[in-house]
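Student: Counting with mature numbering (1 follows the signal peptide of the UniProt record, and there is no 0), you get residues -22 to -1, 1 to 281 for the letters of the sequence shown.
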Amino acid sequence: MASKSTFLSILYFLFLFQIIKSDISSQNTNSSAFEFIKNLQGCCQKGSKVQGLHDLKLYLARFGYLNYQPARNQLNANNESFDDELESALKIYQKFYHLNITGTLDGPTISRMLMPRCGHPDIKTHQQMPKWLHTVSHFQFGQNNPKWPVEKTNLTYAFPKNYSETYVSPVVRAFNTWAAASGYFTFSRVDDFANADLKISFERGDHGDGAPFDGPSGVLAHASLPTDGKLHFDADENWSVGPEPVPNTIDLQSVALHEIGHLLGLAHSEDENAIMWSSIPAGSLKGLNSDDILGVKALYIVT
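Below, the structure is given as structure tokens:
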């Protein structure tokens, strides 16, 4: 009798364990690295102190909207106060994303901040470009206009040995798309990862480049500007590789197109239809548009 009771107890605990495990798995699937931002909607006005504002300041600093200097105002970055710097940063953010410029944490601003995005900052030092470009385009170049030397029009790229073949084709297609659109670059796949011009890999968490990934639905990928040549995808994202959009997944080819733009020297565009727009919704596909093509041709003076 005792053994039967013990057996039933074990079954009961196993049943509970499966429920808890399933619940945790569901939470992990649906949670976002930017989830903390949801709690800040409509929370505060300038001068108030609210838990979570410190993390928001780090978010805005990460993407170029705040520039705290340790010797001057690092304390402001570490507190939970809605200060003048935060209000100003929100206004710059809202302007970049074509939102109403309120300087507050309103619904549209929160929704935009929750979007999965590239890890590259949006705001850099403004470059001097011909006035006619400003009137017809929204593209931007990386700070100080970094680009590949004139003799480097054929760039080699490679994947590490542990890179899954499943994820090769979307990246190859992205390189081919940029080659055709630029009319300037060609890209060649090589096996020598260490010496390739462009190195593509999946990474997770803190992976040694000073820009740790943050888990699902936050920063999707990041890439260095010329001529460093590193492109990292976040291994914790739910990636898709098919020709059709898949709900609740991130299309690898679309993100690769965006990150290759950084590898070539483009920064984020203010045109939401451009591949160089900073974010992409789950379950969507995206390609190059005229702003992206005009940007790379302007950078490399391709007529």
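Where a beta carbon is used, it is the ideal one built from N, C-alpha and C, also for glycine. It should be emphasised that the depicted structure is a prediction, and the values quoted were computed from it without experimental measurement.
(1) Once you ignore the five residues that flank Asn251 on each side, which residues in its own chain have a CB closer than 6 Å to its CB?
(2) If you check the beta carbons only, do Glu222 and Pro94 fall under 9 Å apart?
(3) Do you know whose CA, among Thr134, Phe163 and Lys73, lies nearest Gly207's CA?
(4) Would you kindly check if the distance between the Cβ of Gly243 and the Cβ of Gly161 is under 9 Å?
(5) Which residue from Asp184, Glu237 and Pro225 puts its Cα closest to that of Leu203?
(6) Rounded to whole angstroms, what is the Cα-Cα separation between residue 301 and Gly261?
(7) Roughly how many whole angstroms lie between the Cα atoms of Leu277 and Gln118?
(8) Please go through the same chain and pick out, in chain order, the residues whose beta-carbon is closer than 7 Å to the beta-carbon of Asn226, but skip the five residues on each side of it.
(9) Name the residue from Asp61, Ile178, Ser89 and Phe41 whose alpha carbon lies nearest to the alpha carbon of Leu230.
(10) Can you tell me which of the three DSSP states Thr281 falls into?
(11) Could you give the DSSP three-state label for His210: helix, strand or coil?
(12) Between the alpha carbons of Asn173 and Pro138, how many angstroms are there, rounded?
(13) Quick one: any contact between the stretch 156 to 171 and the stretch 195 to 202, if contact means 3 or more CB pairs under 8 Å?
(14) Does the separation of the CB atoms of Ala67 and Leu92 fall below 9 Å?
(15) Using 8 Å for Cβ pairs, my map puts Ala152 next to Ala213. What's the rounded Cβ distance?
(16) DSSP three-state label for Phe137, please.
(17) Rounding to the nearest angstrom, what Cα-Cα distance links Asn154 and Val146 in this structure?
(18) Work out the CA separation of Cys22 and Phe171 for me, nearest whole Å.
(19) Asp249: which of Gly239, Tyr75, Ala189 and Asp175 sits nearest, CA to CA?
(20) Run through the DSSP bridge pairs and tell me what Ser166 is partnered with.
(21) Would you kindly work out how many angstroms separate the C-alpha atoms of Glu58 and Lys27, rounded to a whole number?
(22) What did DSSP end up calling Leu176 once you bin it into helix, strand or coil?
(23) Short check: CB of Gly239 to CB of Gly273, under 9 Å?
(24) Have a look at the DSSP bridge pairing and note the partners of Ile228.
(25) Determine which residues share a DSSP beta bridge with Leu266 and list them.
(26) Between the beta-carbon of Phe41 and the beta-carbon of Asp100, is there less than 9 Å?
(27) Could you give the DSSP three-state label for Thr113: helix, strand or coil?
(28) Would you report the Cα separation of Asp62 and Lys35, rounded to the nearest angstrom?
(29) Could you work out which residue in Pro127, Ile228 and Tyr71 is closest to Pro86 when comparing CA atoms only?
(30) When you compare each of Thr131, Tyr141, His246 and Leu83 to Asp169 by their alpha carbons, which one comes out closest?
(31) Under 8 Å Cβ to Cβ from Leu44, same chain only, skipping five residues before and after it: list those, please.
Tutor: On the basis of the data shown:
(1) Asn267
(2) no
(3) Thr134
(4) no
(5) Glu237
(6) Not covered by the structure: residue 301. The range shown for the chain is -22 to 281.
(7) 9 Å
(8) Asn216, Ala260 and Gly261
(9) Ile178
(10) coil
(11) strand
(12) 11 Å
(13) no
(14) no
(15) The Cβ separation is near 18 Å, so there is no contact.
(16) coil
(17) 12 Å
(18) 49 Å
(19) Tyr75
(20) Thr134
(21) 5 Å
(22) strand
(23) yes
(24) Trp217
(25) Answer by DSSP bridge pairing: none, since Leu266 is not bridged.
(26) yes
(27) Caution is warranted here: a pLDDT of 33 is assigned to Thr113, below 50, making its placement in the model unreliable, and no coordinate value can be reported.
(28) 12 Å
(29) Tyr71
(30) Tyr141
(31) Lys35, Leu38, Ala55, Glu63, Leu64 and Ala67
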